[in-house]
Amino acid sequence: MNQIQQLLITESQNLYNKESFADLIALLDDEIIDQYGTAQLLALKAAAYQKIGGYANSLRYANAACSLDPQHPQAFFLRGNAQSVIGKLDEAILDYNLAISLKSDYKDCYTNRGYCWIDLNLHEQAISDFSMAISINPDSPDAYINRGNAFIEKKEYFEGIDDFKKALLLDPNSSIAYNNLGRAHYDKDLYGDAIIYFDQAIQKDSTYSDAYFNRALAYRDIYDYDKSIDDFLYFSKLVSATNPNFADIAKNEIYQLELKKYDSWYDNVDRIIQKIKKVLLFDKSYVTHYTSMSSARHLILFGSPMRLSEGAFLNDSSEGTEIHRFLGLNSPADISHDAHSVLFQEKSFIGSFVADDKDDDLTLWRMYGKEAQYEAKGCALTFHKDHFLHNLDQSVRRAAKGDSIDISTDEQFVFYRVAYIQRDKFVLPDKMQTKQTKNNEKQLNALMKELKSKVSYINKDQKQKALKLMQEIVYLFKSSEYRDEHEVRLVVRGDRFEKKILKEETPPRVYVDLVSLPPVVQKITIGPKVEKAEEWAAAFNYHIKAEKKFGKEKTQIVISRIPFR
Numbered sequence: 069m070n071q072i073q074q075l076l077i078t079e080s081q082n083l084y085n086k087e088s089f090a091d092l093i094a095l096l097d098d099e100i101i102d103q104y105g106t107a108q109l110l111a112l113k114a115a116a117y118q119k120i121g122g123y124a125n126s127l128r129y130a131n132a133a134c135s136l137d138p139q140h141p142q143a144f145f146l147r148g149n150a151q152s153v154i155g156k157l158d159e160a161i162l163d164y165n166l167a168i169s170l171k172s173d174y175k176d177c178y179t180n181r182g183y184c185w186i187d188l189n190l191h192e193q194a195i196s197d198f199s200m201a202i203s204i205n206p207d208s209p210d211a212y213i214n215r216g217n218a219f220i221e222k223k224e225y226f227e228g229i230d231d232f233k234k235a236l237l238l239d240p241n242s243s244i245a246y247n248n249l250g251r252a253h254y255d256k257d258l259y260g261d262a263i264i265y266f267d268q269a270i271q272k273d274s275t276y277s278d279a280y281f282n283r284a285l286a287y288r289d290i291y292d293y294d295k296s297i298d299d300f301l302y303f304s305k306l307v308s309a310t311n312p313n314f315a316d317i318a319k320n321e322i323y324q325l326e327l328k329k330y331d332s333w334y335d336n337v338d339r340i341i342q343k344i345k346k347v348l349l350f351d352k353s354y355v356t357h358y359t360s361m362s363s364a365r366h367l368i369l370f371g372s373p374m375r376l377s378e379g380a381f382l383n384d385s386s387e388g389t390e391i392h393r394f395l396g397l398n399s400p401a402d403i404s405h406d407a408h409s410v411l412f413q414e415k416s417f418i419g420s421f422v423a424d425d426k427d428d429d430l431t432l433w434r435m436y437g438k439e440a441q442y443e444a445k446g447c448a449l450t451f452h453k454d455h456f457l458h459n460l461d462q463s464v465r466r467a468a469k470g471d472s473i474d475i476s477t478d479e480q481f482v483f484y485r486v487a488y489i490q491r492d493k494f495v496l497p498d499k500m501q502t503k504q505t506k507n508n509e510k511q512l513n514a515l516m517k518e519l520k521s522k523v524s525y526i527n528k529d530q531k532q533k534a535l536k537l538m539q540e541i542v543y544l545f546k547s548s549e550y551r552d553e554h555e556v557r558l559v560v561r562g563d564r565f566e567k568k569i570l571k572e573e574t575p576p577r578v579y580v581d582l583v584s585l586p587p588v589v590q591k592i593t594i595g596p597k598v599e600k601a602e603e604w605a606a607a608f609n610y611h612i613k614a615e616k617k618f619g620k621e622k623t624q625i626v627i628s629r630i631p632f633r
């Protein structure tokens, strides 16, 4: 290394330490890099670009540093960071592996690789990496917070809470640790304890928006609407400039809370509906989606995102009417705008699934596992529901530029069981007919009876409000003739997604894109009438193996041999 190169490194490092990143980038222009470039200078320029969010340029210079000096751990670390941000998690992990092989005590590498494992839903690996970061620097509160978050993702609350408390021993002023303790207790329905921790987070940092949002949810769930509204309002003010989408979520919550606050009837109806949703929660690990081979080609081989269509496009014309019939309410389509017309109302977007124990079912092959109109020529895709929902939540956050916001959004995306109405009684079919299912069925029938009493003899304004509230559950009820399907549904509001239209179809179809399935697919069942099934299986197999470099679960591919005529 010559004297000029050493001077450039010293000056660049000083600029980096002073956070003068633009000046550093200007100093190391392409002419200087071409004449005096070393791996260290390239790495410094890559690091500066990362600090200002220029990850494409950072990747370019980190690549050059890795090529110039394959023994430079920081170069691989920086390239891993850039790969991670642009969504190339497998490539990022490979770079972190190389950096760690060159520097075994590289704490930041273990930390950032841990974040990648979290995004891949590989929580054990994340916990292992965060534990390594702790062993390298046991005085780092952030390392305990990171591991605590990984434990909470696994629903190992005791371990997660313990790590957050260890972080507070090291840094009693950590608002993040207090907020995360609050979220852990909120997830366990311990709302009073959660509020205490959110209070402490806000005391440590009065501008900590996440804690205001999370405390607002806790106040809402104990029906303290005034305090909930105040917190949502303050959150909205804090994030309106930087995260307007999340500010809109808060404003919608405020609107609903104002209605409940001043209308006890509306509040009571909403409380019943929230209890119904809780009873219908689907609590198993896996769901299965029947589809055509053409759609599977796009979902698996091309990585196209799964789509949900608006409720108006469901195949069964009776969709959304069963609960209205039971309650004695007109459906929205039956309420006249004037004497000769009805007012269009937006609907939720619906995804249809079944429990994974129905992944090779004769009735479902006949009804849904089709190619065009040819029965049993489709396939069934089984995947881990929580991993899918995690990916969906992260995708929505990134699209809203709110991925740095640590707020609870679990209720935004939930799988529910479908209940079937048989002679005004609600049935929850289950292969095992467990005691829990029977209890849920009994509770559901009691709640539906209570709901019916609340919406009897109501005025026109109340009817409109009731119908709007029903949108949350209207597609979770079907006629008993479908009870053998054991259907599970994902119901999402469209306000967090871009609505797209297939204009070439008649009628044009409205849909929203979710996320890609290959990262979470656990099993593919090819229908019993699919032609050249072995060839399809081979294509799916090798494509998924190439894509899932660090997949926790191997994807099973099976060809149905169920008797089908």
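Numbering (our numbering), first residue to last: 69 to 633.
C-beta atoms are modelled at their ideal positions from N, C-alpha and C, and glycine is treated no differently.
Self-check item: Residue environment, I270, which counts as buried when at least 16 other CB atoms sit within 10 Å
Solution: One-based indexing of the sequence shown puts residue 270 at position 202. That one is buried.
Quiz item: Count the other CB atoms within 10 Å of the CB of T593; is the residue buried (16 or more) or exposed (fewer)?
Solution: Position 525 of the sequence shown, counted from the start, is the residue given in the question as residue 593. Label assigned to T593: buried.
Quiz prompt | Sequence-distant residues of its chain with Cβ nearer than 6 Å to I625 (five each side left out) | solution = Position 557 of the sequence shown, counted from the first residue, corresponds to residue 625. Cβ contact annotation for I625 (same chain, cutoff 6 Å, sequence separation greater than five): I592, A605, F608 and N609, in chain order.
Self-check item: Among N507, V523, E192 and I322, the one whose alpha carbon lies nearest that of K222
Solution: Here residue 222 is taken as the residue at index 154 of the sequence shown, counted from 1. Minimum Cα distance to K222 is reached at E192.
Quiz item: Buried or exposed: which applies to Q268, given that a residue is buried once 16 or more other Cβ atoms fall within 10 Å of its Cβ?
Solution: Residue numbering aside, residue 268 sits at position 200 when the sequence shown is read from its first letter. Answer is buried; the Cβ neighbour count reaches 16.
Quiz item: Would you call F421 buried or exposed, if buried means 16 or more other Cβ atoms sit within 10 Å of its Cβ?
Solution: Counted from its first residue, the sequence shown places residue 421 at position 353. Burial call: buried.
Quiz item: Buried or exposed: G260, going by 16 or more other Cβ atoms within 10 Å of its Cβ?
Solution: For the purposes of this step, residue 260 is identified with residue 192 of the sequence shown, where counting begins at 1. It counts as exposed.
Quiz prompt | Member of K528, F545 and L537 whose CA lies at the smallest distance from the CA of L512 | solution = As a position in the sequence shown, residue 512 is number 444, starting the count at 1. It is F545 whose Cα lies nearest to the Cα of L512.
Quiz item: Which residues in the same chain as A315 place their Cβ atom closer than 7 Å to its Cβ, once the five residues preceding and following it in sequence are excluded?
Solution: Indexing the sequence shown from 1 puts residue 315 at position 247. Correct list, in chain order: S304, V307 and S308.
Quiz item: If you follow the beta strand (DSSP E) that D563 is part of, which residue opens it and which one closes it?
Solution: Taking the first residue of the sequence shown as 1, we reach residue 563 at position 495. Note, D563: premise wrong, no beta strand (DSSP E); not H, not E.
Quiz item: Taking the alpha helix (DSSP H) that F144 falls in, what are its first and last residues?
Solution: Position 76 of the sequence shown, counting from 1, holds the residue named residue 144. Start and end: P141 to V153.
Quiz item: What are the boundary residues of the beta strand (DSSP E) that includes E378?
Solution: Counting from one through the sequence shown, the residue named residue 378 turns up at place 310. For E378, the enclosing beta strand (DSSP E) starts and ends at R375 to E378.
Quiz item: In whole angstroms, what separates the C-alpha of D338 from that of D239?
Solution: Sequence index remark: in the sequence shown, residue 338 carries index 270 (1-based). Sequence index remark: in the sequence shown, residue 239 carries index 171 (1-based). Taking the straight line from one Cα to the other gives about 41 Å.
Practice problem: Round the Cβ separation of A94 and A114 to the nearest angstrom and send it over; I've been treating them as touching at under 8 Å. | Solution: Your numbering for residue 94 matches position 26 in the sequence shown. Your numbering for residue 114 matches position 46 in the sequence shown. No, A94 and A114 are not in contact; Cβ-Cβ is about 15 Å, not under 8 Å.
Practice problem: Would you list the residues sitting across from Q624 in a DSSP beta bridge? | Solution: Taking the sequence shown and counting its residues from 1, the one referred to as residue 624 is at position 556. In the DSSP output, where bridge partners are listed per residue, Q624 has K591.
Quiz item: Where does H455 fall in DSSP's three states?
Solution: Within the sequence shown, residue 455 is the residue found at index 387, counting from 1. Residue state, collapsed to three classes: helix.
Self-check item: Contacting residues, own chain, Cβ-Cβ under 8 Å from N320 (five flanking each side not counted)
Solution: Along the sequence shown, one-based indexing puts residue 320 at 252. Around N320: D563.
Quiz item: Hey, would you say L349 sits closer than 8 Å to V482, going by beta carbons?
Solution: Translated into the one-based positions of the sequence shown, residue 349 becomes position 281. Translated into the one-based positions of the sequence shown, residue 482 becomes position 414. Yes, the Cβ-Cβ distance between L349 and V482 is below 8 Å.
Quiz item: Is I263 near R288, with beta carbons less than 8 Å apart?
Solution: Translated into the one-based positions of the sequence shown, residue 263 becomes position 195. Translated into the one-based positions of the sequence shown, residue 288 becomes position 220. Using a Cβ distance threshold of 8 Å, I263 and R288 do not count as a contacting pair.
Quiz item: When the Cα of L558 is compared with those of S547, I569, V542 and P575, which residue comes out closest?
Solution: Position 490 of the sequence shown, counting from 1, holds the residue named residue 558. Comparing Cα positions, the closest option is V542.
Exercise. Have a look at the DSSP bridge pairing and note the partners of C447.
Key: In the sequence shown, counting from the first residue as 1, residue 447 sits at position 379. Paired residues: T359 and I594.
Exercise. Excluding the 5 residues preceding and the 5 following R485 in the sequence, name in chain order all residues of the same chain whose CB lies nearer than 7 Å to its CB.
Key: Your numbering for residue 485 matches position 417 in the sequence shown. Same-chain partners within the cutoff: L348, F350, L496 and V556.
Practice problem: Figure out for me which residue from I630, A448 and Q532 has the closest Cα to the Cα of Q590. | Solution: Start at 1 with the first residue of the sequence shown, and residue 590 comes out as number 522. Answer by Cα proximity: A448.
Exercise. Have a look at P596 and E387 and give me their C-alpha separation to the nearest angstrom.
Key: Position 528 of the sequence shown, counted from the first residue, corresponds to residue 596. Position 319 of the sequence shown, counted from the first residue, corresponds to residue 387. Put simply, the backbone Cα of P596 is about 29 Å away from that of E387.
Quiz item: Any idea what DSSP makes of Q511, helix, strand or coil?
Solution: Walking along the sequence shown from the start, residue 511 turns up at place 443. In this structure, Q511 counts as helix in the three-state DSSP scheme.
Quiz item: Should the stretch 566 to 579 be regarded as contacting the stretch 350 to 368, the criterion being three or more beta carbon pairs within less than 8 Å?
Solution: no
Quiz item: Going along the chain, which residues of its own chain have a beta-carbon closer than 8 Å to the beta-carbon of K520, five neighbours each way excluded?
Solution: For the purposes of this step, residue 520 is taken as the residue at position 452 of the sequence shown. If we look at K520 and ignore the five residues flanking it on each side, its Cβ neighbours are F394, L395 and G396.
Self-check item: K622 vs I340 beta-carbon contact at 8 Å
Solution: For the purposes of this step, residue 622 is taken as residue 554 along the sequence shown, with counting starting at 1. For the purposes of this step, residue 340 is taken as residue 272 along the sequence shown, with counting starting at 1. No, the Cβ-Cβ distance between K622 and I340 is not below 8 Å.
Practice problem: Could you pull the start and end residues of the alpha helix (DSSP H) that F412 belongs to? | Solution: Taking the first residue of the sequence shown as 1, we reach residue 412 at position 344. Premise fails: F412 is in no alpha helix (DSSP H) and is neither H nor E.
Quiz item: Does DSSP put V583 in a helix, a strand or coil?
Solution: For the purposes of this step, residue 583 is identified with residue 515 of the sequence shown, where counting begins at 1. V583: coil per DSSP, three-state reduction.
Quiz item: Rounded to the nearest angstrom, how far is the Cβ of K234 from that of Y265, given a contact under 8 Å?
Solution: On the sequence shown, position 166 is the one that residue 234 refers to. On the sequence shown, position 197 is the one that residue 265 refers to. No, K234 and Y265 are not in contact; Cβ-Cβ is about 15 Å, not under 8 Å.
Exercise. Below 7 Å CB to CB, which residues in the same chain sit around S80 once its five sequence neighbours on both sides are set aside?
Key: Stepping through the sequence shown from its first residue, residue 80 is reached at position 12. So the qualifying residues of the chain are L92, L95, L96, L109 and L112.
Exercise. Confirm, please, whether the CB-CB distance from E439 to M361 is below 8 Å.
Key: Within the sequence shown, numbered from 1, the residue matching residue 361 stands at position 293. Within the sequence shown, numbered from 1, the residue matching residue 439 stands at position 371. Yes, these two residues count as a Cβ contact at 8 Å.
Quiz item: Would you say Y144 and L166 are within 8 Å of each other, going by their C-beta atoms?
Solution: Within the sequence shown, residue 144 is the residue found at index 76, counting from 1. Within the sequence shown, residue 166 is the residue found at index 98, counting from 1. In the sequence as displayed, the identity of residue 144 is Phe instead of Tyr. Contact flag set, yes.
Exercise. Put K119 into one of helix, strand or coil per three-state DSSP.
Key: Your numbering for residue 119 matches position 51 in the sequence shown. In this structure, K119 counts as helix in the three-state DSSP scheme.
Quiz item: Y265 lies in the beta strand (DSSP E); which residues open and close that run?
Solution: Working through the sequence shown from its first residue, we reach residue 265 at position 197. It is not in any beta strand (DSSP E) - Y265 instead sits in the alpha helix (DSSP H) that spans Y259 to K272.
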